[in-house]
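Enquirer: Starting off with a structure, shown below.
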Amino acid sequence: MHSATKVILGTVGTAVAGAAALVYARWEAQQYTLRHATVAALPAG
Numbered sequence: 008m009h010s011a012t013k014v015i016l017g018t019v020g021t022a023v024a025g026a027a028a029l030v031y032a033r034w035e036a037q038q039y040t041l042r043h044a045t046v047a048a049l050p051a052g
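Be aware that the sequence shown starts at 8, since it is given in the working numbering, and climbs by one per residue.
The following block contains the structure:
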């Protein structure tokens with residue numbers, strides 16, 4: 008395998024991992040917000 012190919016694959020892999028992390032972080036934040044909104048909507052006690 009040429010070194011250029013390795014660099015390209017590494018860059019693509021990093022980009023994919025970064026995108027996956029961003030998507031997960033957004034999903035996690037949404038779940039957190041939904042949980043807190045649900046708890047806030049419940050009557051106290």
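Ideal placement from N, C-alpha and C gives every residue a C-beta, glycine not left out.
#1: What number of angstroms, rounded off, separates the C-alpha of Gln-7 from the C-alpha of Ala-48?
#2: Reducing DSSP to helix, strand and coil, say where Leu-49 ends up.
#3: Which of the three DSSP states, helix, strand or coil, is assigned to His-9?
Expert: So, from the listed chains and residues:
#1: There is no way to answer for residue 7, as the model of the chain reaches only from 8 to 52.
#2: Three-state DSSP puts Leu-49 in coil, outside helix and strand.
#3: Residue state for His-9 is assigned as coil, using DSSP reduced to three classes.
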